Every structure is written in structure tokens, then in C-alpha cells.
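Numbered per full-length UniProt numbering, the sequence shown spans residues 1 to 444. Report on one structure; see the data block that follows.
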Amino acid sequence: MSTTKNNNHDNDTGDDDQATSENSMKQSSAITTTPNNEDTLVIVAGDIGGTNSRLALYTSNGERVYYRDYRNEEYLLKDADDDTTPSDRMFEQKILIPFLQSCCSEGRSSTTYDWNVFEIVVVCLAVAGPVKDNTVQTSRHKALEINGYDLLQRCQNSDDPFIRKIVQCCIINDFVAQGYGCLTLQNDDDVVELGVMSGSTNQTNQKTKNENGPIVCIGAGTGLGTCYLTTTGPAALSSDSNSTATTTRTTSNYTCLPSELGQIEWTPRTEHEIDLWRYLKQKLDSPNRVSLEEVVSGTGLANCYDGYAALYPQKVTPSIQEQCNTAGDIKGMVVAEHADDCEVCHMAMTTVMRSYGAAASTCAMTFLPTGGLYISGGLAPKHYLSSWIQGSNSCFLTAYRDKGRASSILNDIPLFVVTCDDLGLRGAYQYARQQIYQHNCSNN
């Protein structure tokens with residue numbers, strides 16, 4: 001594992017030197033070098049969630065040339081009792097640096113690319129958690145404490161010549177990346193459009209998205225994330241000669257803003273859910289409220305299972321309970337897989353999907369996203385969850401449409417389920433490209 005030259009020196013730095021160091025870190029966080037040839041530019045994009053950290057290396061034209069997926073539970077643990085890795089360097093030393101080193105190893109043996117020409121490296125990490133001053137610390141993993149300024153300085157002082165080529169390290173919210181990723185969605189391989197019932201008819205109503213309209217993305221994975229995008233002018237469209245899609249929206253016309261919808265109060269909708277709400281308040285030691293994320297997420301699915309299992313023990317399937325007991329951070333996945341053959345799992349899934357649909361329509365009512373409302377995240381129905389969201393009588397769509405006399409407003413909101421599995425990586429790449437584009441424009 002690579003170590004950085006200044007690790008020991010940091011402990012000896014005086015106050016004046018420290019202030020100078022901090023200033024230099026912030027100055028160096030901006031792109032200070034413009035590549036003469038874009039072929040020399042590569043972007044490291046990261047999608048750092050509560051369960052997995054996904055990293056990819058992209059060329060300047062958006063081609064992904066290297067990819068790794070890391071389970072946080074496996075990689076972000078201390079190697080031994082005497083492991084002294086600081087929490088703010090755990091991700092860097094156990095995931096990011098090994099990834100960069102493996103990129104180099106792969107590159108040296110590549111017959112497709114000449115890795116010696118790559119001179120400018122930009123890193124953009126999309127992390128689950130609020131970002132302030134290019135720094136994030138997630139609530140679920142203390143080891144995922146990342147300061148982009150500090151990380152950049154250590155990379156630039158690295159012994160590894162490839163790592164020293166990093167000129168910028170951006171830290172963005174994971175759902176800001178999801179939002180920018182939505183701008184890349186073009187065809188049936190990326191999304192499925194959900195028809196929303198029109199009035200009292202039995203026909204679904206699919207709408208053409210407004211290419212200049214607001215966009216909302218909501219996604220349940222380990223947690224629940226949301227973001228919204230607004231335009232700064234007429235829609236910017238670019239043709240892709242290699243795609244069957246006619247146009248794609250560009251990031252330069254949209255600004256993505258994060259939201260913390262997952263922290264609003266969850267509202268139970270049935271007597272069973274009221275009992276579950278009381279259980280969760282006690283379990284979570286929260287006497288006055290239960291947040292939406294504690295229900296609508298993979299973690300929430302596990303919470304709902306635990307609640308219904310405690311409230312209705314006679315409905316528990318022993319073999320599935322045994323699987324749940326040993327599932328660790330993928331307990332929600334076990335519940336989802338058995339939603340059709342276990343009554344408690346079915347109850348949990350029904351509550352989660354009903355609450356998910358209600359939350360999505362709240363977003364639709366709040367932002368009126370005529371540019372599209374996108375459902376992303378690990379609970380999006382690409383495989384075994386499809387019947388829970390797709391179909392006019394699904395739990396998700398039934399709750400989504402249930403907005404009383406204002407329900408007809410939803411007929412004007414295009415609703416999509418994201419089926420690609422690299423939305424966050426796409427968005428991190430797009431954000432990095434946007435930063436480079438803005439830098440180049442300011443220099444011209």
C-alpha cells in the first residue's frame with residue numbers, strides 16, 4: 001500500500017506552517033492546468049454509498065476503462081487491533097489508493113491505451129452524506145470521513161508518479177451525482193417509464209418530458225436520497241452519433257441541488273403501520289418521530305421486518321428469520337427476496353413500497369418536475385422488485401396517485417424508474433467534466 005511523503009511531517013508542523021498548508025490546499029483544489037490535448041485527461045469517478053464503494057476510471061470522452069466495486073463492511077474495517085489508520089484516511093488508504101495503484105498495473109499491461117500520455121487526473125467522489133467545504137462524513141460509516149483538500153495534498157506528495165498527477169479532488173453529495181447522472185439517461189436500457197393513471201380511466205398516461213423542465217431524482221438504497229435539478233436557460237441538447245437516441249441533455253445547462261427528504265417524518269397510513277411506528281420509535285430511541293429514511297431504504301426494509309416480526313410473531317417463517325439473523329448489512333435484501341413467500345416479509349415490503357410511492361408523489365407535488373421524476377437506488381425494480389412498482393395497481397403507484405383532489409397534477413409529470421446500475425458513477429464523471437468545462441471557459 002502506498003504511503004504519502006507528508007504523513008509523518010504533518011505531526012511536526014507549527015501553527016504558521018499549518019495555516020500556510022491549509023491555504024495551499026484550498027488553492028490547489030481548483031484545476032490549475034488545462035490539458036493541451038484532451039486525450040491526456042482521465043477522470044476517477046467514485047460512488048461511495050452506505051454499503052458499497054464503486055470506483056471507475058474514465059477517459060476524456062466518457063469511456064470507462066477500469067472499474068472496481070468494494071464492500072465497505074469488508075474494506076473499511078481495521079485490519080487488526082493495532083491498526084492505527086486514522087478514520088479520515090481509512091477510505092483513502094484502504095480503497096482509493098489501492099484502486100489507483102491497480103489502475104496503473106492494468107494500464108501498464110494495456111494494449112489499447114498508452115498510459116504514459118495521461119497527464120491530468122481529476123478525482124470526483126460522490127459520497128452519501130452532507131458535503132460542506134469539500135468535506136463529508138457519513139452518518140453510517142465514520143471511516144468515510146473525506147476531506148478533498150487534504151486528500152489532494154497527500155496525493156500530490158505521493159511516491160507514486162500516477163497518483164501525483166491528480167490536480168483536483170471534488171467531494172459531492174451522492175445524490176448530486178445521481179442527479180447529473182439522470183441527464184445521461186437515453187433509452188430502454190437505462191430507464192423504464194411508468195404510466196400514471198389518468199383520471200378515472202383504466203388507461204395509463206405517459207408524458208413526454210419537457211427538455212427544459214425541472215428534474216427530481218429520489219432513490220432508496222442503504223438510505224434514502226433526493227435531489228432536484230433546475231435549468232439556467234433554454235435546454236442544451238447534444239447529438240450522440242453513436243446512439244439511437246436523438247438527443248441528450250448536457251450538464252452545462254442544469255444545476256443540481258441536494259435535499260434531505262429522507263430526514264422528514266414518516267407518516268403511517270394503516271393501523272398496522274401505526275403499530276409499526278410505535279415500535280420503531282422505541283427501537284430507534286426516538287420518542288417523537290420516525291424519519292422517512294428509517295422506513296424507505298434497505299435499512300428501513302430490515303426495520304419494518306423486525307417490527308412486524310415482533311408485533312406478529314406467529315407469522316414469522318423460522319428459516320427466513322435465521323437468514324435475517326446472519327445477513328448483516330444486506331438484511332433488507334433477504335427480506336425483499338422472500339417478499340412473495342413469507343408473510344412478514346410481504347408486510348414489510350408493502351409498507352416500504354407504499355411509503356416510497358407516497359414520498360415520490362410528495363416530490364412531484366413540491367417541485368412539479370416536468371423534466372422527469374426519476375426513481376433510482378437499490379430498491380428500484382430492475383429484477384425481483386418490478387411487480388411492486390410497475391403495474392397500475394402496484395403498491396408504489398397506488399400510493400403515488402393518492403393525492404386526493406390534486407392527483408390529476410401527477411398526469412403531467414413523466415415518471416421513470418432507473419434500471420442502469422452506474423448512475424452515480426456517470427454523474428460523478430459528468431460533474432467533473434462540468435468543472436473542467438467551466439474552468440476552460442473562464443480561461444478563454
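From the three backbone atoms N, C-alpha and C, an ideal C-beta is built for every residue, glycine too. Computed from a prediction, not measured in an experiment: that's the story for all the values here.
Review point. On the three-pair Cβ rule with 8 Å, is the stretch 289-296 touching the stretch 350-368?
Key: With the cut-off at 8 Å, the stretch 289-296 and the stretch 350-368 touch.
Check your understanding: From which residue to which residue does the beta strand (DSSP E) around Tyr312 run?
Key -> Stepping through the sequence shown from its first residue, residue 312 is reached at position 312. Where Tyr312 is concerned, there is no enclosing beta strand (DSSP E), given that its DSSP letter is neither H nor E.
Point to revise | Assigned exposure category for Lys132 - 16 Cβ within 10 Å defines buried | key: Stepping through the sequence shown from its first residue, residue 132 is reached at position 132. So Lys132 counts as exposed.
Exercise for review: Determine the burial state of Gln178: buried for a count of at least 16 other Cβ atoms within 10 Å of its Cβ, exposed for fewer.
Suggested key: Taking the first residue of the sequence shown as 1, we reach residue 178 at position 178. By the neighbour-count rule (16 or more Cβ atoms within 10 Å), Gln178 is buried.
Point to revise | Contact belief for Leu125 with Ala428 at Cβ below 8 Å, rounded distance in angstroms | key: The sequence position of residue 125 within the sequence shown is 125, counting from 1. The sequence position of residue 428 within the sequence shown is 428, counting from 1. Sure, about 7 Å apart at Cβ, within 8 Å.
Exercise for review: Check whether the Cβ of Leu152 lies closer than 6 Å to any heavy atom of the ligand ADP, and answer yes or no.
Suggested key: Annotation note on the ligand ADP: not contained in the displayed structure, which lists no ligands.
Point to revise | Same chain, Cβ closer than 6 Å to Cys324, five either side skipped, listed in chain order | key: Residue mapping note: residue 324 aligns to position 324 of the sequence shown, counting from 1. Lys331 and Val334.
Point to revise | Segments assigned alpha helix (DSSP H), at least 4 residues, entirely inside the stretch 415-439 | key: None, since the stretch 415-439 contains no complete alpha helix (DSSP H) of that length.
Exercise for review: Give the DSSP bridge partners of Val127, in chain order.
Suggested key: The sequence position of residue 127 within the sequence shown is 127, counting from 1. Partner(s): Ile48 and Asn173.
Exercise for review: Could you tell me the distance, in whole angstroms, from the CA atom of residue 448 to the CA atom of Val290?
Suggested key: No statement about residue 448 is possible, as the shown extent of the chain runs from 1 to 444 and does not include it.
**Study point:** Between the CA atoms of Ile274 and Arg68 - distance to the nearest angstrom
**Key:** Residue numbering aside, residue 68 sits at position 68 when the sequence shown is read from its first letter. Residue numbering aside, residue 274 sits at position 274 when the sequence shown is read from its first letter. One alpha carbon belongs to Arg68, the other to Ile274, and they sit about 42 Å apart.
Point to revise | Spatial distance of Gly181 from Gly377 (CA atoms) | key: Position 181 of the sequence shown, counting from 1, holds the residue named residue 181. Position 377 of the sequence shown, counting from 1, holds the residue named residue 377. Gly377 has its alpha-carbon roughly 12 Å from the corresponding atom of Gly181.
Exercise for review: Please report how far the alpha carbon of Asn288 lies from the alpha carbon of Pro98, in whole angstroms.
Suggested key: The residue you call residue 288 lines up with position 288 of the sequence shown. The residue you call residue 98 lines up with position 98 of the sequence shown. Asn288 and Pro98: Cα-Cα distance of roughly 44 Å.
Practice item. Can you tell me which of the three DSSP states Thr138 falls into? Key: On the sequence shown, position 138 is the one that residue 138 refers to. In the structure shown, Thr138 sits in coil (DSSP, three-state: anything other than H, G, I, E or B).
Point to revise | Residues near Ile171 in its chain [Cβ-Cβ closer than 7 Å; skip 5 each side] | key: Locating residue 171 in the sequence shown gives position 171, counting from the first residue. Non-local beta-carbon contacts of Ile171 in its own chain, meaning distances under 7 Å to residues more than five positions away in sequence, involve Leu125, Val127, Val131, Asn134, Thr135, Val136, Ile146 and Gly148 in chain order.
Check your understanding: What whole-angstrom Cβ distance do Tyr254 and Thr270 have, given they're in contact under 8 Å?
Key -> Within the sequence shown, the letter at position 254 stands for residue 254. Within the sequence shown, the letter at position 270 stands for residue 270. No, Tyr254 and Thr270 are not in contact; Cβ-Cβ is about 38 Å, not under 8 Å.
Practice item. State the Cα-Cα distance for the pair Asn157 and Asp174, rounded to the nearest angstrom. Key: In the sequence shown, the residue the question calls residue 157 occupies position 157. In the sequence shown, the residue the question calls residue 174 occupies position 174. If you draw a straight line from the Cα of Asn157 to the Cα of Asp174, it is about 27 Å long.
Point to revise | Buried or exposed by the 16-neighbour rule on C-beta atoms within 10 Å, applied to Asn202 | key: Position 202 of the sequence shown, counted from the start, is the residue given in the question as residue 202. Only weak support exists for where Asn202 lies, its pLDDT of 38 falling under 50; the value from the coordinates is given anyway. Around the beta carbon of Asn202, a 10 Å sphere encloses fewer than 16 other beta carbons of the protein chains shown; the residue is thus reported as exposed.
**Study point:** Coarse secondary structure for Ala339, derived from DSSP in three states
**Key:** Numbered from its first residue, the sequence shown carries residue 339 at position 339. Residue state, collapsed to three classes: coil.
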